[in-house]
Amino acid sequence: MSPETPLDNLSHENRSFAPDPAFARDAVAKESLYAEAGEDRLAFWAAQARELLTWEKDFTETLDWSNPPFARWFGDGRLNAAYNALDRHVEAGNGDRVAIHFEGEPGDTRTYTYAQLTEEVKKAANAFTALGVAAGDRVAVYLPMIPEAVITMLACARIGAAHSVVFGGFSADALRSRIDDAEAKLVVTADGTWRRGKPSALKTAVDAALTDGRSTVENVVVVKRNGEPVEWTEGRDTWWSDTVETASAEHTAEAFEAEQPLYILYTSGTTGRPKGILHTTGGYLTQAAFTHRNVFDLRPETDVYWCTADIGWVTGHSYVVYGPLVNGATQVIYEGTPDTPHQGRWWELVQKYGVTILYTAPTAIRTMMKWGEDIPGEYDLSSLRVLGSVGEPINPEAWMWYRRVIGKDRCPVVDTWWQTETGAIMISPLPGVTAAKPGSAQVPLPGITADVVDETGAPVGDGGAGYLVIREPWPSMLRNIWGDPDRFVDTYWSRFEGMYFAGDGARKDDDGDVWLLGRVDDVMNVSGHRLSTAEIESSLVGHPAVAEAAVVGAADETTGQAVIAFVILRGSAANEDPDAMGETLRQHVGKDIGAIAKPRKVLVVPELPKTRSGKIMRRLLKDVAEGREVGDATTLADSTVMNQIAAGFAK
Ligand code: 6R9
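If you read the sequence shown in the numbering used here, its first letter stands for residue 16, the second for the next number, and so on.
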């Protein structure tokens, strides 16, 4: 990207919300953190590691960067992740504090105190050990959002085995390739779960993944969740109720070295097979806990925190399991979809549990906007005090709606930028400290050196657009791609000398605040002008008729690429003539950004293709726009969506 990148409606955004003075007065995060970290970054992280975690053996070296890009953080320290998330809170007298308020989709509920959760994890640790799982082994986890998912992950951590959570919406094939790549010994799954009131199977996919009997998997532990009938392989399959619930609740956590693998989480690259992102223990937990505490202004004694992410996504790892539990927080876990049995379910849960901190994704916010503000208006949301966003750029209008309708203009909104690879939040406002602009993730957190550079790796000046990079190693950074160090070096450390390249385009405004422009593979080039998908989408959703928009660049003989937009209309606009509406929106973008950004075609669609973590799969839309057979759509939450869109496009 060049500094001339047309920067549209994002660059017109000049609203800014200063921290409320009362909030700022006793905010958890202090402005002085920036100075402290600026003075001595490593001393800062060492202090956080000692303050936030309990080490069985203290470390003497903070960072070993003698063999970049392979980092070792707190290398000679020893600790146990599960002990940090559980036992120590019980030992400190907080065993009766609620760790998890669980709400199932059908409305069943369970509560676990820290003492109870510790006991369950000890049983699972004993059960997995009895099944032959030892430190250094891998365990595949294919579960819905139920407490057993958290228990399984922590039980693995407790015995030094790495978990590899595979999202429950993934196919048997996707599961098999991940099991094989990690050479997992054990799979933990459930009979099934519920989706929009209907039973949805999980174990059938595990059975299909393991049919040939040649897998490394020796055992499958099955949680009974929805009671649907399952096939059974004797000698391999056991029920959770027979194996885990009957195990001893006595278990002493052994400390492992700080660089002990904690988990592998597969993430799709632009091409090729998925990459197994490897995270280790000490550095990861330090940054997960630090960010969870400071970015959300966490007060573990009084807050009720709810992150709506699934554990199949990195947000579920860092901000459902490790960050909140290491910090001793009380949280809500909800199994189901937001519109079951009605579109107010989330707000009903906020009211019921008195949720104070809510962390969700822009796609969810835009969906709620589409449903209308009357729905949240029916519930008491006065307990809320901090609102977070993650997963994709949040357009200013969604940010404003979130702040006004959900946060009643009282709650700071924190837009948090990070990735599976970064392990924890990297760029975000600090509530009570940072004045926030709608649509900007603001500034790198203390101890993080993110920057925006041009093609040659030189920093772009204020106002310029370029590539987002990280200059210095950070504690929760990925340590490797599982089994493929060359790919690790190539993918992340080769584009710019000595820097981690994140894959995202970004821009810095005159104040030095960072605006994420989407993946660089989503950056289009139209007649030599570079356009970001995010900026055109932001313009489209800024039009009152549009609920959601996705933009792709389709190959064009004349202009290199042409802008193709897919939109979902809002409310009564959905009854308008779609062709006329498309033309209105083309003109709107032209006016908003410039003629060059005017989409060649705006197609009105009923739904957009999204992964279960809410990311729009632009790759599939691009296939449609370029008249190709639609590629692999197995990771879509709803696989019928693409057929409808392709049919609409062909008309
Ligand atoms: C945590 C997570 C990472 C990609 C990342 C970027 C996009 C995430 C964002 C954001 C703009 C934010 N992304 N948060 N873009 N603003 N606040 O989402 O991890 O699933 O690995 O995705 O998501 O493009 O590169 P992951």
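The beta-carbon is built from N, C-alpha and C at its ideal position, and this holds for glycine as well.
Here the structure is a predicted model, which means the values were calculated and not measured.
Report back the beta-carbon spacing between residue i and residue j to the nearest angstrom; my notes put them in contact at under 8 Å.
| i | j | result |
| --- | --- | --- |
| T296 | L94 | 7 Å |
| V156 | V181 | 7 Å |
| W416 | I440 | Contact flag wrong, Cβ pair sits at about 22 Å. |
| A262 | K138 | 4 Å |
| A220 | S186 | 7 Å |
| L546 | M539 | 5 Å |
| L623 | E563 | 6 Å |
| R112 | Y129 | 5 Å |
| A456 | D430 | 5 Å |
| W209 | V236 | Contact flag wrong, Cβ pair sits at about 21 Å. |
When DSSP labels each residue in this structure, what does residue i get in the three-state scheme?
| i | result |
| --- | --- |
| E46 | coil |
| E641 | coil |
| E134 | helix |
| Y129 | helix |
| P353 | coil |
| H558 | coil |
| Y12 | No statement about residue 12 is possible, as the shown extent of the chain runs from 16 to 666 and does not include it. |
| V370 | coil |
| R93 | strand |
| C426 | coil |
| I660 | helix |
| D222 | helix |
| V420 | helix |
| S404 | strand |
| G646 | coil |
| K385 | helix |
| F182 | coil |
| K606 | helix |
| P18 | Low confidence applies to P18: its pLDDT is 29, below 50, so where it sits in the model is not reliable, and the reading given next is rough at best. Here P18 sits in coil by DSSP. |
| T231 | coil |
| T435 | coil |
| A376 | coil |
| D79 | strand |
| W60 | helix |
| F38 | helix |
| V329 | helix |
| A33 | coil |
| G533 | strand |
| S443 | coil |
| N99 | helix |
| G575 | strand |
Taking 9 Å as the threshold (beta carbon to beta carbon), is residue i in contact with chain C?
| i | result |
| --- | --- |
| W362 | Here chain C cannot be found, since the structure has a single protein chain. |
Report buried or exposed for residue i, applying the criterion of at least 16 other Cβ atoms within 10 angstroms of its Cβ.
| i | result |
| --- | --- |
| R125 | exposed |
| S554 | buried |
| H104 | buried |
| S404 | buried |
| Q602 | exposed |
| A466 | Reading off the sequence, residue 466 comes out as Asp, not Ala. Its Cβ being crowded by 16 or more others within 10 Å, D466 is buried. |
| R191 | buried |
| K213 | exposed |
| R87 | buried |
| T650 | buried |
| G242 | exposed |
| T506 | buried |
| D528 | buried |
| Y666 | A quick correction: the sequence has Lys, not Tyr, at residue 666. The residue in question, K666, is exposed, as its Cβ has fewer than 16 Cβ neighbours within 10 Å. |
| P474 | exposed |
| L584 | buried |
| R643 | exposed |
| P411 | buried |
| S333 | buried |
| H307 | buried |
**Message:** With a threshold of 8 Å, are at least 3 pairs of Cβ atoms found where one atom belongs to the region 368 to 387 and the other to the region 506 to 525?
**Reply:** no
**Any 3 or more C-beta pairs closer than 8 Å across the region 400 to 408 and the region 426 to 438** = yes
**Whole runs of the beta strand (DSSP E) within the region 267 to 314, excluding any shorter than 3 residues** = 276 to 282 and 290 to 295
**Prompt:** Whole beta strand (DSSP E) runs in the region 193 to 222 with 3 or more residues, listed along the chain?
**Reply:** 201 to 205, 207 to 210 and 213 to 216
**Prompt:** Of all the alpha helix (DSSP H) runs that stay within the bounds of the region 103 to 176, which reach a length of 4 or more residues?
**Reply:** 129 to 145 and 162 to 173
**Prompt:** Three or more C-beta pairs closer than 8 Å, one from the region 240 to 253 and one from the region 71 to 83: is that the case here?
**Reply:** no
**Item:** Cβ contact (3+ pairs, closer than 8 Å) linking the region 77 to 94 and the region 309 to 319
**Value:** no
**Asked** Can you give, in chain order, each stretch of the beta strand (DSSP E) that sits fully within the region 446 to 530 and has at least 3 residues?
**Response** 465 to 468, 480 to 485 and 515 to 523
**Message:** Whether or not the region 263 to 275 and the region 162 to 169 are in contact is what I'm after, with contact meaning three or more pairs of Cβ atoms, one per stretch, closer than 8 Å; do they touch?
**Reply:** no
**Message:** Using a Cβ distance threshold of 8 Å, determine whether the region 440 to 458 contacts the region 41 to 58, with at least three qualifying pairs required.
**Reply:** yes
**Message:** Counting beta carbon pairs with one atom in the region 103 to 122 and one in the region 141 to 149, are three or more of them shorter than 8 Å?
**Reply:** no
**Asked** With contact counted as at least three CB pairs below 8 Å, one residue from each stretch, are the region 362 to 377 and the region 217 to 236 in contact?
**Response** no
**Item:** Given 8 Å, three or more beta-carbon pairs between the region 339 to 358 and the region 193 to 201
**Value:** no
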